[in-house]
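Participant: Would you mind keeping the following structure in view while I ask a few things?
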Amino acid sequence: MSTEHSTRPRPLSPHLQIYRLTITMAMSIGHRLTGAALYFGALLVTWWLIALASGPYSYAIFQVFLGSWPGQITLLGFIWALIHHMLGGIRHLLWDSGLWIDPPAARKLAWTTLVGSVGLTLVVWLLSFSTASIQ
Amino acid sequence: MTDMRTPRHRVRGLGAAGSGTAHFWLQRVTALANIPLVLGLIAILAALAGSSYETARELLGNPLVAIALLLLVVSASFHMRLGMQAIIEDYVHKPALKTACLVANTLIPATIAVASIYALLRISVGS
C-alpha cells in the first residue's frame with residue numbers, strides 16, 4: 001500500500017447544493033420542519049389547556065397573547081403547520097402502502113400537500129372569523 | 001453471502017438497535033390516530049374563535065370533546081417524541097450531547113402530556 005493512496009482526498013457524496021430542488025424534496029424538508037415546529041406548537045396547546053383549567057384570569061392572559069399580532073401569526077403558522085404535516089403524513093402513509101409511488105404521481109401528490117395545506121388553512125381561518133363574528 | 005447472525009437473532013429479527021420495527025410501526029400507528037384527532041382539534045379551535053372563557057370551559061367540559069383531546073394528547077406526545085428522536089439521531093453526533101438531547105426528548109413530551117391531561121381532567125371534573 002502506497003502512502004499516496006491514503007493522503008489523496010477521499011470522494012465525497014453529493015449533498016443538497018448539488019441537486020436541483022424538486023417538489024418532493026421540498027415537501028420532505030417541509031414535513032420535517034413543520035414536525036419540529038409542531039413540537040414547540042404543542043407548548044401553545046398545553047398553555048391553552050392549563051390557562052383554561054386555571055380560571056378566567058389566566059385564560060384572559062392567554063387570550064390577550066393570542067389576540068395580539070405575534071399571537072395571531074403564531075396561531076396561523078401553527079394551524080398551517082398542523083395541516084401541512086397531516087397532509088404530508090397521509091402522503092407518506094399512501095407511499096408506505098405502495099400507492100402513487102411512481103415519479104409523476106409522487107410529484108402530483110407532493111404538490112397536493114402544498115396547495116391543500118394552504119387552501120385548507122385559508123378555509124379554517126375564514127371559518128374562524130365567521131364564528132368569531134357570531135360570538 | 002454468509003449470514004453471521006445466530007439463528008435465534010435471525011428469528012427475533014430485532015436488528016442492531018434491538019427494537020426491530022417498533023419505532024417505525026408506532027410512528028405510523030400514532031400518525032393514523034392523529035388524522036381524525038387533529039381534525040377534531042382544528043374544529044374545536046375554529047369553533048372557539050373569539051369566544052369567552054365560559055364557552056370554552058363548557059365545550060371542553062363536554063365528555064366527547066374531552067375524550068378526543070385526551071386521545072390526541074397521548075397519541076401526539078408519542079408521535080412527537082419519535083419524530084424528534086429521528087431528527088436528533090440524524091443531526092447530533094457528539095455522544096454526550098446526543099444522549100442529553102435524547103433524554104430531554106423523553107422528558108419534554110412526558111411533561112407536556114401529563115400537564116395537558118391534568119388540565120383536561122381538571123376542566124372536566126370541575127374546579
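Chains D and Y, in that order, are what the protein sequence lines are. With this note's numbering applied, the first sequence has no gaps in its numbers, which climb one by one up to 135 at the end. With this note's numbering applied, the second sequence has no gaps in its numbers, which climb one by one up to 127 at the end. The beta carbon of each residue, even a glycine, is placed where N, CA and C say it ideally should be.
Measure the alpha-carbon distance for V128/Y versus S28/D and round it to whole angstroms.
Facilitator: In the structure displayed, chain Y extends from 1 to 127; residue 128/Y sits before or after that span and is not available.
Participant: Taking Cβ positions only, does A16/Y come closer than 8 Å to chain D?
Facilitator: Residue 16/Y sits at position 16 when you count from the first residue of the second sequence. Not an interface residue.
Participant: Relative to chain Y, which residues along the segment 89-119 of chain D have a C-beta separation below 9 Å, given in chain order?
Facilitator: Cβ contacts with chain Y come from G89, I90, H92, L93 and D96.
Participant: Any Cβ of chain D within less than 8 Å of the Cβ of V38/Y?
Facilitator: Along the second sequence, read from residue 1 onward, the residue named residue 38/Y stands at position 38. By this cut-off, V38/Y is an interface position.
Participant: Tell me whether the beta-carbon of A47/Y lies closer than 8 Å to the beta-carbon of L120/Y.
Facilitator: If you number the second sequence from 1, residue 47/Y lands on position 47. If you number the second sequence from 1, residue 120/Y lands on position 120. It is not a contact, given that the beta carbons lie outside the stated cut-off.
Participant: Are the C-beta atoms of V45/D and some chain Y residue less than 8 Å apart?
Facilitator: Counting from 1 along the first sequence, the entry for residue 45/D is found at position 45. At least one chain Y Cβ lies under 8 Å of V45/D.
Participant: Do you know offhand how far A56/Y's Cα is from M80/Y's?
Facilitator: Translated into the one-based positions of the second sequence, residue 56/Y becomes position 56. Translated into the one-based positions of the second sequence, residue 80/Y becomes position 80. Distance between the alpha carbons of A56/Y and M80/Y: 26 Å.
Participant: Please identify, using Cβ separations under 8 Å, the residues of the segment 30-43 of chain D that lie next to chain Y, in order along the chain.
Facilitator: If the cut-off is 8 Å between Cβ atoms, the segment 30-43 of chain D has R32, G35, A36, L38, Y39, A42 and L43 near chain Y.
Participant: Is W125/D near L94/D, with beta carbons less than 8 Å apart?
Facilitator: Numbered from 1 along the first sequence, position 125 holds the residue referred to as residue 125/D. Numbered from 1 along the first sequence, position 94 holds the residue referred to as residue 94/D. Not in contact: W125/D and L94/D (Cβ atoms no closer than 8 Å).
Participant: For I123/Y, which residues in the same chain have their Cβ closer than 8 Å to its Cβ, ignoring the five residues on either side in sequence?
Facilitator: For the purposes of this step, residue 123/Y is taken as residue 123 along the second sequence, with counting starting at 1. Hits under 8 Å: R57, L60, G61 and A66.
Participant: Check the Cβ-Cβ distances between I50/D and every residue of chain Y, and say whether any is below 8 Å.
Facilitator: The residue labelled residue 50/D in the question sits at position 50 within the first sequence. Judged by the 8 Å Cβ criterion, I50/D is in contact with chain Y.
Participant: On the three-state DSSP scale, how would you describe H15/D?
Facilitator: The count along the first sequence starts at 1 and reaches residue 15/D at position 15. H15/D: coil per DSSP, three-state reduction.
Participant: Taking the beta carbon of R91/D as the centre, do at least 16 other beta carbons fall within 10 Å, making it buried, or is it exposed?
Facilitator: Taking the first residue of the first sequence as position 1, residue 91/D is located at position 91. The residue in question, R91/D, is buried, as its Cβ has 16 or more Cβ neighbours within 10 Å.
Participant: Check this for me: beta carbons of T46/D and H85/D, under 8 Å apart or not?
Facilitator: Numbered from 1 along the first sequence, position 46 holds the residue referred to as residue 46/D. Numbered from 1 along the first sequence, position 85 holds the residue referred to as residue 85/D. Contact: no.
Participant: So that I know if they touch, is there some Cβ in chain D lying closer than 8 Å to that of S19/Y?
Facilitator: Start at 1 with the first residue of the second sequence, and residue 19/Y comes out as number 19. Answer no: the Cβ-Cβ gap between S19/Y and chain D never drops below 8 Å.
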